[in-house]
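These notes concern the structure reproduced below.
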Amino acid sequence: MSAAPGRPRIQATVRTAQTLAERDGHFAVRQAVFVNDQRLFRESDRDEIDDDPGTIHLVADAGGLVVGAVRIYPLGATNRWQGDRLAVLPDYRASRVGVDLVQLAVRTAARHGGLVMEAHVQVANVPFFESLGWQVQGPTEIYVAALHQPMVCDLTGPGR
Ligand SMILES: CC(C)(COP(=O)(O)OP(=O)(O)OC[C@H]1O[C@@H](n2cnc3c(N)ncnc32)[C@H](O)[C@@H]1OP(=O)(O)O)[C@@H](O)C(=O)NCCC(=O)NCCS
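One point on numbering: in the numbering used here, the residue at position 79 of the sequence shown is 410, and numbering is uninterrupted.
Here it is as C-alpha cells:
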C-alpha cells in the first residue's frame, strides 16, 4: 500500500502528545476515523482510559497538523500494555505514518517496563500488524461492535 501514484509521501513526526493542542489533535483524528468514517462509536470514542494518568497519547504531526493517533496504557499492575485507537487521517495514509506510530507505541511501552503489548486488531489490518512482528493470539472476537483479532507483540525483542 504505497502512497497513491502522483502523491508525495507525507513526512510526519511521531511523538507523545505534549500540549493541549496535540492532545486535542489526537482526539480529533480518532473522532474523524472511528466515529465519522467507521461509525464504530455513535458520538465519541473517548472513555475513562483517556482520563487515566497512566495512559499515553501518541500523535503523528505533519507540518503542525496532527494526522495520526494511537494510545497505549498498562494493564493493571502487570508488565502487559495495551495499544488501541490507532488511526491515520485518510489523506495521510500509505506514507508509513501508521508504521511509525506502532513502532513508537512499542518502544514507549518497552521503555516503561512493558514486556508484552496486546491489541484488538480489526481483521483487515492483521497483515499490517504481522508485518511489524505482531502475532495472532486466539480466535477473533467482537470488540467495540466489530470483528477483531487479538494480537500480541513481544516488547523484549531487538530494537525495542
Ligand atoms: C491501519 C492504518 C492505521 C494504517 O496507516 P497507514 O499510515 O496508512 O499505514 P502505513 O502507510 O504505515 O502502512 C505501511 C505498510 O503497511 C501495509 N498496510 C497498511 N495497511 C494495511 C492493511 N490494512 N493490510 C495490509 N497491509 C497494510 C502496506 O503494505 C504498507 O506497505 P508499503 O511499505 O508497501 O507502503 C490506517 O489505514 C487507518 O487509520 N485505518 C482506519 C482505522 C483503523 O483501521 N485502525 C486500526 C484499527 S486495528
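Using N, Cα and C, we set each Cβ at its ideal position, and we do this for glycine too.
Just so you know, these numbers come straight off a predicted model, no measurement behind them.
Buried versus exposed call for residue i [16 or more other C-beta atoms within 10 Å across all chains shown]
{"i": "Gln466", "result": "exposed"}
{"i": "Ile473", "result": "exposed"}
{"i": "Arg442", "result": "exposed"}
{"i": "Ile380", "result": "exposed"}
{"i": "Gln342", "result": "exposed"}
{"i": "Gly445", "result": "buried"}
For residue i: DSSP bridge partner residues
{"i": "Ala477", "result": "Tyr474"}
{"i": "Val366", "result": "DSSP, once it has assigned bridges, lists no residue as partnering Val366."}
{"i": "Leu389", "result": "Thr347 and Val401"}
{"i": "Ala450", "result": "Met482"}
Reduced DSSP secondary structure (H/G/I, E/B, other) of residue i
{"i": "Thr461", "result": "Before going on, a small fix: residue 461 reads as Glu here, not Thr. It is helical."}
{"i": "Gly399", "result": "strand"}
{"i": "Gly394", "result": "coil"}
{"i": "Leu420", "result": "coil"}
{"i": "Gln349", "result": "coil"}
{"i": "Asp378", "result": "coil"}
Could you check whether the segment 388-404 touches the segment 340-348, counting it as contact only if at least three pairs of C-beta atoms, one from each stretch, sit closer than 8 angstroms?
Taking a cut-off of 8 angstroms on C-beta distances, the segment 388-404 touches the segment 340-348, as three or more cross pairs fall below it.
Within 8 angstroms, do at least three Cβ pairs link the segment 354-365 to the segment 417-424?
Yes, the segment 417-424 touches the segment 354-365.
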